[in-house]
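Trainee: Counting with this note's numbering, you get residues 1469 to 1753 for the letters of the sequence shown. For every residue, glycine included, the Cβ atom is placed at its ideal position computed from N, Cα and C. Note that this is a predicted model, so its numbers are computed, not measured. I'd like to ask some things about the structure below.
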Amino acid sequence: MCCGSPARRENPGGTVHGGGEDLIFPHHENEIAQSEGATGKAFAHYWIHNGFIKVESEKMSKSLGNTLTIKEILTAYHPEVVRFFILQSHYKSYIDFSDVSIAEARVGMERIYTMLKNIKDALNEGTDFSDTSEKDLSGEDEEVWEKVSTLPDRFREAMDDDFNTAMAMGYIFDTVRIINGYISKNSAPARESLFVLNEARECIREVGKVLGLFLEDPDEYFEKDKEREIRKSDLDVEEVERLIDERKRARESKDWGRADELRDLLVARGIVLKDTPTSTTWKVE
């Protein structure tokens, strides 16, 4: 067999064989001829040929010196961000890897994990909804639940359409948009709303498992993301925390001018602050 160890697995519908689009001829055609000539049986029922990876719009190659290893990429970015970046394109399309495109993928993942964290916080702070079901819903609660509950079916439809992960991700973001709007209208959600939020989280997790996404606890995800960004930017964490404490004291003494000055100073260093009634958290932009 040529092509080393082919990406092939048995499934109820037959065999799946994959590789780069440059292997179609002569490698894969030779495999078909050799295997079917020797056995008289079909070699594979489904063929998946992926597009090339480009770096800053140029083909990745050793001669150009623009190759990247998975180890290098994962040092700088969360594994789920890298996976999310790849899945945004159909597997037949080429992928253009750049600092801008991977940063955009990080923002997309942050949006989804922020929604998951908001749901987690609402469920932790809310009332018991264990005896609630879809039969108890009405109005907006019922409307949102009906939209969210269709996500797994729409996701499967997209994946059945030649592994259309780009379409599947679009359905996921549609759901995220709906839930974010729903959360913004429910500052103190009732048990029916909590039921809907829990259902939304479970739907997102269900489809995410198929793609290897949204597997982490939101707080852990953001902590790991912050640690990576700190390493990349070489920030002095103690200095950042000192400035945040000083801003807190300025706010407590109603010295709004100094508080704004300190916020601007932190923003200039790539620090994004989030104030809550009880604390201030920060992340690297």
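In terms of DSSP beta bridges, what is W1750 paired with?
Mentor: On the sequence shown, residue 1750 is found 282 positions in, with the first residue counted as 1. Paired residue(s): L1741.
Trainee: Buried or exposed: where does L1733 fall if 16 or more other Cβ atoms within 10 Å of its Cβ makes it buried?
Mentor: Numbered from 1 along the sequence shown, position 265 holds the residue referred to as residue 1733. Classification for L1733: exposed.
Trainee: Cα separation between P1474 and G1487?
Mentor: Residue mapping note: residue 1474 aligns to position 6 of the sequence shown, counting from 1. Residue mapping note: residue 1487 aligns to position 19 of the sequence shown, counting from 1. Note that P1474 scores a pLDDT of 39, beneath 50, so its modelled location is shaky; the value from the coordinates is reported in the next line. One C-alpha to the other measures close to 7 Å.
Trainee: State the DSSP-derived secondary structure class of D1564, mapped to helix, strand or coil.
Mentor: Counting from 1 along the sequence shown, the entry for residue 1564 is found at position 96. Residue state, collapsed to three classes: strand.
Trainee: Answer yes or no: do E1670 and L1605 have a C-beta to C-beta separation smaller than 7 Å?
Mentor: Residue numbering aside, residue 1670 sits at position 202 when the sequence shown is read from its first letter. Residue numbering aside, residue 1605 sits at position 137 when the sequence shown is read from its first letter. Not a contact, by the Cβ cut-off of 7 Å.
Trainee: Rounded to whole angstroms, what is the Cα-Cα separation between R1696 and V1664?
Mentor: Stepping through the sequence shown from its first residue, residue 1696 is reached at position 228. Stepping through the sequence shown from its first residue, residue 1664 is reached at position 196. Taking the straight line joining both Cα atoms gives about 33 Å.
Trainee: Among residues of its own chain, excluding the 5 on either side of S1701, which ones have a beta-carbon nearer than 7 Å to its beta-carbon?
Mentor: The count along the sequence shown starts at 1 and reaches residue 1701 at position 233. Closer than 7 Å at the Cβ level, and outside the excluded window around S1701, lie G1738, V1752.
Trainee: Would you mind working out which of L1703, E1720, T1600, A1506 sits nearest W1750, comparing C-alpha positions?
Mentor: Position 282 of the sequence shown, counted from the start, is the residue given in the question as residue 1750. Residue L1703 is the option with its Cα nearest to W1750.
Trainee: Buried or exposed for W1613, please, with buried defined as at least 16 other CB atoms from any protein chain shown within 10 angstroms of its CB.
Mentor: Here residue 1613 is taken as the residue at index 145 of the sequence shown, counted from 1. That one is buried.
Trainee: Taking only the alpha-carbon atoms, compute the straight-line gap between K1677 and T1746 and give it to the nearest angstrom.
Mentor: On the sequence shown, residue 1677 is found 209 positions in, with the first residue counted as 1. On the sequence shown, residue 1746 is found 278 positions in, with the first residue counted as 1. Rounded to whole angstroms, K1677 to T1746 spans 34 Å at the Cα level.
Trainee: Can you have a look at T1693 and say buried or exposed, based on whether 16 or more other CB atoms are within 10 angstroms of its CB?
Mentor: Position 225 of the sequence shown, counted from the first residue, corresponds to residue 1693. The amino acid occupying residue 1693 in the given sequence is Asp; Thr does not appear at that position. With 16 or more Cβ atoms within 10 Å of its Cβ, D1693 is classed as buried.
Trainee: Shortest alpha-carbon distance to V1549 belongs to which of E1729, R1673, I1580?
Mentor: Stepping through the sequence shown from its first residue, residue 1549 is reached at position 81. Considering only alpha carbons, the answer is I1580.
Trainee: To the nearest angstrom, how far is the alpha carbon of D1743 from that of K1716?
Mentor: By one-based count along the sequence shown, residue 1743 stands at place 275. By one-based count along the sequence shown, residue 1716 stands at place 248. Cα to Cα, the separation comes out at about 10 Å.
Trainee: From E1526, N1518, K1527, H1496, pick the residue whose C-alpha is nearest to that of A1512; which is it?
Mentor: The residue you call residue 1512 lines up with position 44 of the sequence shown. Of the candidates E1526, N1518, K1527, H1496, the one whose C-alpha sits nearest the C-alpha of A1512 is H1496.
Trainee: Please report whether the beta-carbon of D1630 lies at a distance below 7 Å from any beta-carbon of chain C.
Mentor: Of the protein chains in the structure, only one exists, and it is not chain C.
Trainee: Under 7 Å, do A1634 and F1623 count as touching if we go by C-beta distance?
Mentor: Walking along the sequence shown from the start, residue 1634 turns up at place 166. Walking along the sequence shown from the start, residue 1623 turns up at place 155. Not in contact: A1634 and F1623 (Cβ atoms no closer than 7 Å).
Trainee: My assumption, with CB atoms under 8 Å, is that F1565 sits in contact with K1522. Please give the rounded CB distance.
Mentor: As a first step, residue 1565 is located in the sequence shown; it is residue number 97 there, counting from the start. As a first step, residue 1522 is located in the sequence shown; it is residue number 54 there, counting from the start. That pair is a contact at about 7 Å.
Trainee: Quick check on DSSP: helix, strand or coil for T1483?
Mentor: Numbered from its first residue, the sequence shown carries residue 1483 at position 15. T1483: strand per DSSP, three-state reduction.
Trainee: Can you tell me whether N1654 is helix, strand or coil according to DSSP?
Mentor: Numbered from 1 along the sequence shown, position 186 holds the residue referred to as residue 1654. Of the three classes helix, strand and coil, the one that applies to N1654 here is coil, per DSSP.
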